[in-house]
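Okay, so here's the structure we're looking at.
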Amino acid sequence: MAEARSHSIETTAGEFALRSRLIPRLDRGVAASWLRPLTWTRTHPWLVVGTFALVGLVLRLLLARGIWVDEAISVRQAHMPLGAMLQDLRRTDNHPPLYFLILWGAVRLGGYSELAVRMPSIIAGTALVPALFLTGRELFDRRTGLVAAAFGACAPLVVWYSQEARMYALFMLLATLAVWAQVHAIRDGRVRWWVAYAGLTIALLYTHYFSVIPVGVQQLAFAAVAWRRAHHGEPIAPLLIGCALTWLAVTLALLPMAPFVAQQVAHDQAVGTGFSEAPGGAGAPPGSAASSYALLTNFVWALWGYHSDTTMIRVGALWPLGMLAALALLGRRRSATLLLTIALAIVPVLLLMLASMSKQSLFDVRYFSGAIPMLLLLCARGLTSGALRRRSALLGTTAMLASMLFALGDEQLSASNPRKYDLRGALAQIQAEARPGDTVLYAPDYLQDVITYYTPRLHATPLEGPIQHEPGHNGVFLLTSFLDQAPVATAVGSAKWVLEHSGRRLVHTDRRTKIITWEYR
Amino acid sequence: LAAPERIADKRLGAAHWPLPNETYARRLARLTALLAIVFACWYLTWLLRPQRIGMPVLFGLLAACEAFNLLQAIGFWWTCSFQRVRTAVPSVDPLAAVDVMIPTYSEPVDVVEPTVAAAARMAAGRAEVWLLDDGCREEMAVVAARHGARYVARASSAGAKAGNINNALRLSTAPFVCVLDCDHVPRADMLERIMGHLNDPEVAFVQTPQYYANAHDSAVAAAAAAQQALFFGPIARGKDGLDAMFCCGTNVVFRRAALESVGGFPEDSITEDFELSIRLHERGWRSVYHPEVVALGLGPEDMASYVSQQHRWARGCLSALPVVLRARLPWRLRLQYLLSASYFLTGWTLMFYMALPIIRILTGAQPLAATTADQFLLHFAPYYLAALTAVAIAGAGSYTFGAFTLAAGGFWVHVSATLSGLLRRPARFIVTPKHGESGRQPRAVAPALAALAALIGVAAWGLSRNRGPATLNNVAFAALHASVLAAGVLPALLVRRSEALVHEPQRRRVPARRRWPLPVAAAVVAAALLVPAAITVVGNHALALKPNLSERGHADAAAFLANYVDATGRVVRRDQGGDTVSEGQAYGLLLAVALDDSHRFATIWAWTQSHLRRPDGLLASRWANGRVVDAQPATDADLDAARALVAAADRFGNLGYRRQGEALGHAVLARETVAIGQLPVLVAGPWARKPPVINPSYFSPRAYSALANVDHDQRWVSLTKTSRALSAGLIGGGRALPPDWARAIAVPPDPRLVVAPGATVSPAAQPIASPSSSGLVAAAAGTHAAGSGLDAVRLAVRAAESCVAKDRRVAAELWPLYRAAPGYADYALNGTPRTPQPHAASLAAAAAAARAAGQTRASNLLLDQADRLNLRQPTYYGAAWIALARVMLTSNALGACPGQ
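Quick mapping for you: the protein sequence lines, in order, are chains A and B.
To convert, note that position 261 of the first sequence is 261 in this note's numbering; the numbers rise steadily by one, no gaps.
To convert, note that position 136 of the second sequence is 136 in this note's numbering; the numbers rise steadily by one, no gaps.
Take a look at the structure:
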């Protein structure tokens, strides 16, 4: 009876006050210690989710770094007229156009400040918080949704890409919403869910080419559901019709992109680059090559963000604890939605890992960022599933959130984060010290767009091979990064030798996070 | 029973026992088995390679444990692949008489009476129920009378349960005998469901599952039930498919003729059911497993009960091993019995796995060599996950984490049972207690607690000393074992809150039967953990065996290759303008061999050949900006490259490398040595032959030895002697550090030789050493510019890695000077630093000298210091020599010395 009462008080907020007066003192004691906060989340879930989203927004607005090379490329493209931008994307890029179109519109509304160019990602990253709640609630239950939303608000990698003027935050958001719509379409079958699913799938495919992997997994899920329904003698016609119409819509929507893709592929083949953006810079040792440690490193990145190579090697060394986690899964029940979430979290990673055996740069957490929300959902599910007691679940969730917040601080503030490059600070220093007629020599050449973004008026020239003797009186700033790459190191070494033997002397060395500037006069 | 109590007794409820589709279960099991076998091969073919042998004792034990566990796993996969899911068969004689026997000894009435009552209902009209009370208790006689059962009591309890049943067999006559433990309540239709299987006159018995109805009453009961679910699920069904199901002592119906053919239950065994099955199968009888639950029983509810049960099973099954080996059984049956009996040895393997991180943290020794944790994970993880998946799928999720941890926490039971058996201590039949204790039972898990304390203590100690990846990896392993143990023993440390099965105000306690000689067992476990550690310590220090390439060594070597070798195989001196020197290529080759990285080795060698190789086979020394900028060879690079090729030939099984190494060695002998007074002297290069210019740090005794083993050219042996003599002469018994360069000149009367530091600056001046035993003399330079810089630091490392004590003595003599001021980039020959600049390579040299002088701890500290310095001020040369020093000084990754 008491249990029934304590259960009933969790129904509505209005009844809570009334009934709490009726239940015995002992039960109220229990409610005071454990049920009250959980009841609050049950009666006002959107308030809780809103709070999480607000916290997430604040974290995303606390921008702690300057524009990165890839972002500068996006900004340069957004500067162009629409037609020219699309032409540039076709000729020099290897991403679909949706994000760039959004950015193009955003900069015309908000300008070109760091905040403005990152606003689409900030919005998408913040919207991911309620999206995770919706998807978690639909796939599992309300508690899972709430915990996933909390994770989404402060997961370091999600925050990182929500602060970057690139398409990854949008990729995560759309991938999550597509799952949400798919589950609704399967369970509910109403047209609006099929329309939503088709629209989100189209948007997803227009955002990142690797979204074809989760979309493929979702099609397999449709097939599994159809097979299961047929096996149980249930009607499958509505499902098959919905799928067929979705495929038709997606195919029609993708048709205009075909020549776009063809031109990008042709260009990539011609220059032999493929997915060769500027290197991620996360140091070769832990996470770049396809290996078991690379898999571990990317897993840790996905949950706890980027950290120094030393930290990652140490964290990677803790892999035996993964054996414990595998053992802990023994005897746990597996629902169809859980299997779908696992597949969406794992298949993109494994496929890209396989692909990276022929092209190493493909195995990067950015490229399967659509799987990160699924990973967060899995973590949330692991903590809230029935196998754990409520107290343990609350404790685990708190510990996980605390670890994420700690990792977020380290990721954002630590200079040893392998993806942090203080180009903004280095260029500000150069701008402050440069005199008329001075030259900035820089290497590698893909720093150009960042230099143009921050110091458009400086005379900057890339170091392309060994420079010749250039005796002169003007100052030269040698701006360098990526010195772990042999061609860059060679070019910089040669340039320094030439500058030092051309009558100039080194007057200042400015060392910043992974950026060195030598000033010669 | 009163109505409320009957409701409370879960044995009267329904069982949740889903049965799979036979075809589906078999296919799934075979598919997962196939996958697991592929991954097992992937792992074992990687593991069982000669170069993987680290500490031989540990490697041998690891290989044995892995082999044992793999055999158990293969047995499991094989069994599950033949699952048979029988259904009830109508009996040809529905009224065939059955004697239902319920042996009891000390169990309380509330446990026994529901069984007797249900048996009486089940047997109505066709069977007689026998309550066999070895406890001679009046209340049992009353229970029997109340339910119309026959009550049998013996004057003595000889033969325990087996003797009790045999006694009743002599009194009864029915052609079939059903045996029920007194806590197993049969369903009313039990006999109808299973008697049909006895239509076949060759069938001796029909076994049915043991189902624990009290699984939700305690963590121990739940975990024990999950263990039972795995056994009476896929394993028992698979054994039935292989006609190898054995009797499990309860919920079984025998054909009396079969029992009589083997003289009844064996009374000299504590697992009478197991040995009875062997005898029946030996006589050609067949067995059947009916997978449907037809009786609900009680599992052990507390840890002491569980331990008692497990110990009895372990002792009995292990004692039966010789019986199995002697039995005249078909191979299929023999293997199945061996698998079941030897399962109780798995505790030994668990104990060994737990000892590994302890040994590694305490002593640095590990079973594997020439590998990295990354590589281990890559090969082991798929096998591990596939094995777990196979268990999860075969058991349909019934086997839980709790079941695993409970089994793992009882590892010491297997150890104890084995030792008891080996020591021929008498075994006693101990009735598994049916009511759980609600209090804490730390004594029941004392050995596991001891192991837990050892793991936690050593992990904490390791963390307090070092937080590097290697230590963290082993701490994580310790944490893994500690977590599993902690989860396994936790139920024994908590006060249980659940209610007893039925209300029993005056429950009898039998504490004496639950006690265990725990101090003895704890001592055994502690000894078992410490003995391997002691062996390791003895091996390392007393026998002078070198441990394998540590993970620290791996990390340093891997870091050098990752940071300084580009994708084409070029070793780039990033801090020196991005050029490449032949010595760097040779370092890369050596480290690739040490890391067992054949691909990297091939890449580096390919680049070296295509860019540096000269027509005479030697290597041009410098390459920059796309071309060779110094075509003159450097002898150290040629020698190191030749050594690396020879080592790679052994490591990777590539004879081509051997030929190339031999050819390069010949070129070194031909073009980079000079004969002075009949003795060959290694000079710095072809350019340094006249006048002979030497670099003492090029002398490499291990390279000479490796090349001599290939071509058996005696000049290598002579080079060893001249190099040692020159080095010894130059350092003058520890009064000077070796110079970077020296010029060898002959002084009258021949064949004496003077070696002058600073070869390019002056001829020899004053000797700093007296003539050595070989007749070679070392002389100081005539200029103060001669010094001991970064070139010379290599001498200490190369001498210290030598297998010859005289060479190591040369390195040891440098220790006092290096100890006074270790780690500077440049010294005067008298050991005074000439620059305040530290350098990691110099610290590596000091570490080598310390190690040669027997100061291992100082050596390790210096290497760690070198690591830290190189992290702060990374240099190509420092990174190379830290890695090489670790590889050469602390491992046999480049080849072992003779006798090791």
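Glycine residues also receive a C-beta, built at the ideal position from the N, C-alpha and C atoms.
Counting only the same chain and skipping the five closest in sequence on each side, list residues whose C-beta sits under 7 Å from that of residue i.
| i | result |
| --- | --- |
| Arg315 of chain B | Ile270, Ala417, Ser420, Gly421 and Ala427 |
| Arg552 of chain B | Gly468, Ala470 and Arg886 |
| Met190 of chain B | Met122, Val294 and Ala295 |
| Leu669 of chain B | Asp713 and Arg715 |
| Glu411 of chain A | Pro156, Trp160, Gly305, Tyr306, His307 and Asn417 |
| Gly831 of chain B | Leu737, Leu817, Ala820 and Ala821 |
| Ala181 of chain A | Trp193, Ala196, Tyr197 and Leu200 |
| Ala185 of chain A | Trp193, Trp194, Tyr197 and Gly242 |
Classify residue i: buried if its beta carbon has 16 or more other beta carbons within 10 angstroms, exposed otherwise.
| i | result |
| --- | --- |
| His599 of chain B | exposed |
| Asn298 of chain A | buried |
| Gln660 of chain B | buried |
| Glu260 of chain B | exposed |
| Arg391 of chain A | exposed |
| Leu48 of chain B | exposed |
| Tyr827 of chain B | buried |
| Gly148 of chain B | exposed |
| Phe205 of chain B | buried |
| Ser340 of chain B | buried |
| Asn709 of chain B | exposed |
| Lys359 of chain A | exposed |
Would the beta-carbon of residue i fall within 8 Å of that of residue j?
| i | j | result |
| --- | --- | --- |
| Arg574 of chain B | Tyr587 of chain B | no |
| Val117 of chain A | Ala165 of chain A | yes |
| Thr208 of chain B | Asn251 of chain B | yes |
| Thr461 of chain A | Leu427 of chain A | no |
| Leu338 of chain B | Ala15 of chain B | no |
| Pro320 of chain A | Phe477 of chain B | yes |
| Ala224 of chain B | Gly299 of chain B | yes |
| Ala443 of chain A | Thr480 of chain A | yes |
| Gly895 of chain B | Ala706 of chain B | yes |
| Gln441 of chain B | Ala492 of chain B | yes |
| Leu252 of chain A | Leu205 of chain A | no |
| Pro680 of chain B | Asp807 of chain B | no |
| Glu202 of chain B | Arg286 of chain B | yes |
| Pro357 of chain B | Phe59 of chain B | no |
| Ala624 of chain B | Thr580 of chain B | yes |
Using a Cβ-Cβ cut-off of 8 Å (strictly less than) and excluding sequence neighbours within five positions of residue i, which residues of its own chain qualify?
| i | result |
| --- | --- |
| Asp791 of chain B | Asn695, Ser697, Asp740 and Trp741 |
| Thr439 of chain A | His459, Ala460, Thr461, Asn474, Gly475, Val476 and Phe477 |
Beta-carbon within less than 6 Å of residue i's beta-carbon, same chain only, minus the 5 sequence neighbours each way: which residues are those?
| i | result |
| --- | --- |
| Ala841 of chain B | Leu790, Val793, Tyr877, Gly878 and Trp881 |
| Glu272 of chain B | Ala162, Phe265 and Pro266 |
Interface positions of the region 477 to 488 of chain B facing chain C (Cβ-Cβ less than 8 Å), listed along the chain | The structure shown contains no chain C; the protein chains it does contain are A and B.
Taking the runs of the alpha helix (DSSP H) that are 4 residues or longer, which of them lie wholly in the region 213 to 271 of chain B?
-> Fully contained in the region 213 to 271 of chain B are the following alpha helix (DSSP H) runs of length 4 or more, in chain order: 219 to 230, 236 to 241 and 256 to 261.
Entirely within the region 797 to 833 of chain B and at least 3 residues each: give me those beta strand (DSSP E) ranges in chain order.
-> none
With a cut-off of 8 Å, do at least 3 Cβ pairs link the region 128 to 144 of chain B to the region 226 to 235 of chain B?
-> No, the region 128 to 144 of chain B is not in contact with the region 226 to 235 of chain B.
Alpha helix (DSSP H) segments (min. 4 residues) lying fully within the region 627 to 704 of chain B = 635 to 652 and 655 to 671
Spell out a yes or no on whether the region 323 to 334 of chain A and the region 387 to 402 of chain B are touching, meaning 3 or more CB-CB pairs, one atom from each, closer than 8 Å.
-> yes
Length-filtered (4 minimum) alpha helix (DSSP H) runs lying within the region 44 to 126 of chain B | 56 to 80 and 109 to 123
Please list the segments of the alpha helix (DSSP H) lying wholly inside the region 431 to 516 of chain A, counting only runs of 4 or more residues, in order along the chain.
-> Within the region 431 to 516 of chain A, the runs of alpha helix (DSSP H) at least 4 residues long that lie entirely inside it are, in chain order, 448 to 454 and 486 to 500.
Which ranges does the alpha helix (DSSP H) cover as unbroken runs of at least 4 residues, wholly within the region 283 to 342 of chain B, from first to last along the chain?
-> 303 to 319, 321 to 326 and 331 to 342
Taking 8 Å as the threshold, find out whether the region 98 to 111 of chain B comes into contact with the region 511 to 521 of chain A through three or more Cβ pairs.
-> Taking 8 Å as the limit for Cβ pairs, the verdict is that the region 511 to 521 of chain A does not touch the region 98 to 111 of chain B.
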